[in-house]
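To keep things clear, I will list the structure first and then write my remarks on it.
In my numbering, the protein residues as written are 15 to 148.
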């Protein structure tokens, strides 16, 4: 279930640690397993300039937060919202195709650990909450 690729993603901690510099922030808890994440986003000209985060979570959530924090840099907010909402559709249909921006997340979401999808998507849920998207 947990392989070297996931461990490598989770150990990439360049965006870990809140700096209290943000235009948008959120915190969210996974009610199923207890994973918790706090996020800070800096937005300039409708693009995400940076994302910082802190988690108390499993390795899948850590890896997802690390990967997501890298992927969102310089993304237009509206485009990212659309892509995240598409990604969430995977929960209902395992055969759903991931948006190109999120292809690397296939390392985290496969048939073996699909029951932990909520752990993987928690950083994206925090993003949606920060930007007040239901």
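The C-beta atom is built at its ideal place from N, Cα and C for all residues, glycine as well.
As the structure is a computational prediction, the values presented were derived from the model and not from experiment.
- From 147, 145, 119, residue whose alpha carbon lies closest to that of residue 75: Translated into the one-based positions of the chain shown, residue 75 becomes position 61. Closest option to residue 75, Cα to Cα, is 119.
- Message: Just to confirm, is the Cβ distance from residue 62 to residue 87 under 8 Å?
- Response: As a first step, residue 62 is located in the chain shown; it is residue number 48 there, counting from the start. As a first step, residue 87 is located in the chain shown; it is residue number 73 there, counting from the start. Cβ distance < 8 Å, so residue 62 and residue 87 count as in contact.
- Near residue 122, which residues of its chain fall below 7 Å by C-beta distance, leaving aside the five closest residues on each side in sequence? Position 108 of the chain shown, counted from the start, is the residue given in the question as residue 122. Correct list, in chain order: 20, 74, 77, 78, 134.
- Task: State the Cα-Cα distance for the pair residue 129 and residue 139, rounded to the nearest angstrom.
- Result: Looking up residue 129 in the chain shown gives position 115. Looking up residue 139 in the chain shown gives position 125. The alpha-carbon atoms of residue 129 and residue 139 are separated by roughly 17 Å.
- Item | Proximal residues to residue 54 (C-beta, below 6 Å), its chain only, five neighbours per side dropped | Counting from one through the chain shown, the residue named residue 54 turns up at place 40. Answer for residue 54: 32, 36, 39, 66, listed in chain order.
- Task: Kindly list the residues whose CB is nearer than 7 Å to the CB of residue 4, restricted to its own chain and excluding five residues on each side of it in sequence; keep chain order.
- Result: Nothing can be reported for residue 4: it is not among the residues displayed for the chain, which extend from 15 to 148.
- Query: How is the alpha helix (DSSP H) around residue 118 delimited, first residue to last?
  - Reply: The residue given as residue 118 occupies position 104 in the chain shown. Unbroken run through residue 118: none, as it is neither H nor E.
- Message: Under DSSP, the alpha helix (DSSP H) around residue 106 begins and ends at which residues?
- Response: As a first step, residue 106 is located in the chain shown; it is residue number 92 there, counting from the start. It is not in any alpha helix (DSSP H) - residue 106 carries neither H nor E in the DSSP assignment.
- Query: For the alpha helix (DSSP H) that residue 83 lies in, which residues bound it at each end?
  - Reply: Indexing the chain shown from 1 puts residue 83 at position 69. Looking at the DSSP string, the run of the alpha helix (DSSP H) that includes residue 83 is 73 to 85.
- Task: Following the continuous alpha helix (DSSP H) through residue 39, name the residue where it begins and the one where it ends.
- Result: As a position in the chain shown, residue 39 is number 25, starting the count at 1. No alpha helix (DSSP H) holds residue 39; the beta strand (DSSP E) holding it covers 38 to 43.
- Over the uninterrupted alpha helix (DSSP H) stretch that includes residue 123, give me the two end residues. As a first step, residue 123 must be located in the chain shown, where it is residue number 109. That residue, residue 123, is in no alpha helix (DSSP H); it is neither H nor E in DSSP.
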